[in-house]
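**Q** Below are the structure tokens for one structure; questions will follow.
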Amino acid sequence: MLFWNLLGLELILICAAGITLLGNYSGLVIAGLIVSAVNFAVNKPGSILFWEIIILAYMCFGLITAYLLNRKTHNFRVLKVAGGSVTSLFLFGMLLPFIPAILIWTAIIGIPLVFNYRSISRAIVLQAIFKFIFCTGWLIIGNILY
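In terms of my numbering, the sequence shown is numbered consecutively and its last residue is 157.
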């Protein structure tokens, strides 16, 4: 039963990471609410407030950083395609071993993505790197909570 609980938790956290990648400000807030719900569901009453402060601080940091990066670029199509493809990589990685998951993802999604977008500016790359790091942070915080 513990295995299914952990698998369900990972699925919820991957959804939060995907929402962070695909959504702009609202995606960050919704992902923060999802991780807060996980916090309330799994923690004891004494430690809920400690983790909630960490989650809110992380969410505020993400909102400020996203605002600063969004001022330079408004091309979200590339980020949504990249975000969706990385979310699919997380799902492949959850169900398959790591190396086959990366190979399948590269063959299905990664190679067409490289050939479609050849001229990507530096600001878009920085924004994509921020979103990938930030969504990984939600996964780390959620796994520490459980």
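Each residue gets a CB set at the ideal place from its N, CA and C atoms; glycine is no exception.
Give the straight-line distance between the Cα atoms of Asn54 and Leu32, rounded to the nearest whole angstrom.
**A** By 1-based counting over the sequence shown, the position of residue 54 is 43. By 1-based counting over the sequence shown, the position of residue 32 is 21. The straight-line gap from Cα to Cα measures roughly 26 angstroms.
**Q** Between the C-alpha atoms of Asn35 and Ala139, what's the straight-line distance to the nearest angstrom?
**A** Taking the first residue of the sequence shown as position 1, residue 35 is located at position 24. Taking the first residue of the sequence shown as position 1, residue 139 is located at position 128. C-alpha separation (whole angstroms): 12 angstroms.
**Q** Report buried or exposed for Trp15, applying the criterion of at least 16 other Cβ atoms within 10 angstroms of its Cβ.
**A** The residue you call residue 15 lines up with position 4 of the sequence shown. Classification of Trp15: exposed, given that the 10 Å Cβ count is below 16.
**Q** Please classify Gly43: is it buried, with 16 or more other beta-carbons within 10 angstroms of its beta-carbon, or exposed?
**A** If you number the sequence shown from 1, residue 43 lands on position 32. Gly43 comes out buried.
**Q** Give the range of the alpha helix (DSSP H) segment to which Asn54 is assigned.
**A** Within the sequence shown, the letter at position 43 stands for residue 54. Taken as a continuous stretch (DSSP letters only), Asn54 belongs to no alpha helix (DSSP H), as it is neither H nor E.
**Q** Flag this pair as yes or no: are the beta carbons of Trp149 and Ala48 separated by less than 7 angstroms?
**A** For the purposes of this step, residue 149 is identified with residue 138 of the sequence shown, where counting begins at 1. For the purposes of this step, residue 48 is identified with residue 37 of the sequence shown, where counting begins at 1. No, Cβ-Cβ distance for Trp149 and Ala48 is not below 7 angstroms.
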